[in-house]
Structure formats: C-alpha cells, structure tokens
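S.K.:
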Amino acid sequence: MQRQAQYCPVFFAAELLGDRWNLLIMREMMGGASRFNEIERCLPNVSRSLLIQRLRLLTRNGIIDAMPLEGGRGHHYSLTPAGKDLEPVLMAMGDWAVRWVVGEPRPEELNPTFLIYWLHRRVKFDAVPAKRTVIRFDIVGEAREVFWLVVQPDEASLCTKDPGLEVDVYVNANSMELQRVFSGRITLDRALAEETITIVGPTKLVRGFGQWFLWSPFYEATRAHLQTADI
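With our numbering applied, the sequence shown corresponds to residues 54 to 284, in that order.
(1) Can you tell me where the beta strand (DSSP E) with Tyr-223 in it begins and where it stops?
(2) Apart from the five residues just before and just after Gly-136, which ones in its own chain have a Cβ nearer than 6 Å to its Cβ?
(3) Is the beta carbon of Val-224 sitting closer than 8 Å to the one on Arg-189?
(4) Looking at C-beta atoms only, is the number of pairs between the region 271-279 and the region 235-249 that lie closer than 8 Å three or more?
(5) Can you list, in chain order, the residues of its chain whose CB lies under 7 Å from that of Pro-121, leaving out five sequence neighbours each side?
(6) Please report the straight-line C-alpha distance between Ala-119 and Glu-93, rounded to a whole angstrom.
(7) When the Cα atoms are used, what is the spatial distance from Pro-182 to Lys-257?
(8) Check whether the Cβ atoms of Leu-111 and Ile-78 lie closer than 8 Å to each other.
(9) Report the residue ranges of all alpha helix (DSSP H) runs contained in full by the region 208-262; include only those spanning at least 4 residues, in chain order.
(10) Under 8 Å by Cβ, that's how I've got Cys-212 and Val-203 pegged, so tell me the actual separation to the nearest angstrom.
(11) Quick check on the DSSP output: the beta strand (DSSP E) that includes Arg-189 runs from which residue to which?
(12) Taking all protein chains shown into account, do 16 or more other C-beta atoms lie within 10 angstroms of the C-beta of Tyr-170, making it buried, or fewer, making it exposed?
(13) Determine the direct distance from the alpha carbon of Glu-273 to that of Gly-206, and round the result to whole angstroms.
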C-alpha cells in the first residue's frame, strides 16, 4: 500500500480499514470464519475476485495469515495479533452505530441465510442439552426458507438440506421478527407472545431454547439503548 503525504495514525488506519469489505471480512473472521467459502457466504454482494483481492491486501499488511491447505486447495485464514487487536475497534464501531445509526430493520436488509449462519456461530455451548439436538427453522419472508441446525455439546453444524436426522425442535418465524430478536430490538418472549415466532417441541427444550444462543454481538448494546430511549 502506497502511503500518501500525511504522517497521521488516523490517516494510515483509514487508508487500510476505510474500505467496507476489509472491515466485513474481519467481522466474519472474528465471528469464527476461517475458509474462503465461510467468509463469502455472509458477504453476498461481493464478487469472488474482489474478495480474493481484499484477502491478499489484508495478508500483505499483516492483518491476517493465509496458510495453504493440504492438496493446495484454498487457504486457512486466521487473524494475526494485529488483526485480533482490531476487535475492540469493530465492537466500538458497532456500539456507536447502535446508538446513532441503526433503526428497525427494513425488508430489503433481511437475509435469512446470513442470519441463520450467524445464529449457528453464536451457540452457547455451556447452555445446550448434553445430547445432540436438531432444530429446524422455517423462515418466511419474501419466500419460505428452511434450515437445520444440528447442535452438539461442543459444536454446531448448519444444513440447508435435510440431514435425515430426527428433529427435536421446530422454529417457525417471520424473517423480520427473527432478525429483530437476534438484534435485540425485541425479546424472544415478546415475539412468542405475539406469535410472530413459534417454537414446538418437548417442553424442556422449548423453555431452554432462548438460552442456547448469545444472539447478536450488539444485543446488549441494543437493549440498553432502547431502554434508555424509552425513559
């Protein structure tokens, strides 16, 4: 990266981080993504060539490491210490946006695949059942989409095709309302009371469902902001 004639830390940081794709790539990696397809899945509007370009840029500048996989097919990406050091910066940006920028989600901002993929990353493993639990999500928005989340005590797998396993919990949700719950705009209890989300299964599993997820990284900031705004 060629530096311009401004010897200023903010300028240098903005030069590298000012591109939204660089920030979103780091967001995905901080969320646990380590393979190209995992990063691409939550960046649906980026072309593969642009994503490759941005990954190479971040690698050259010491933000991420790219280790070739066995067989030469792709890379395993990880944050360097410099990349990890940016996590509080991204969290601060998100907290600021919650207070000053973010409002209710709009229909054109809804992406059930993105939402469920992030939900599967946010499983709270110390709260899930001790045995495998299969959750089927039927999400209705512009179209009906179905996902299966297979939760083990130490890992979670997301399937877009029926894995052929017995389903323990069925979740039927309006896309908008599930996004609002995940983000912290409303509570799961309220959505259940209003029947914009329904959960069907054994009573113990249904009651515990809300404790199985950490929800959005900005959930608490959103809840706190809304409570302050109501005062």
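Note that the Cβ used here is the ideal one computed from N, Cα and C, for glycine as well.
M.R.: Reading off the structure:
(1) 222-227
(2) Ile-116 and Ile-117
(3) yes
(4) yes
(5) His-128
(6) 15 Å
(7) 10 Å
(8) yes
(9) 228-236, 241-247 and 256-261
(10) 7 Å
(11) 186-193
(12) buried
(13) Correcting the residue type first, residue 206 is Pro in the shown sequence and not Gly. Roughly 25 Å separates the two Cα atoms.
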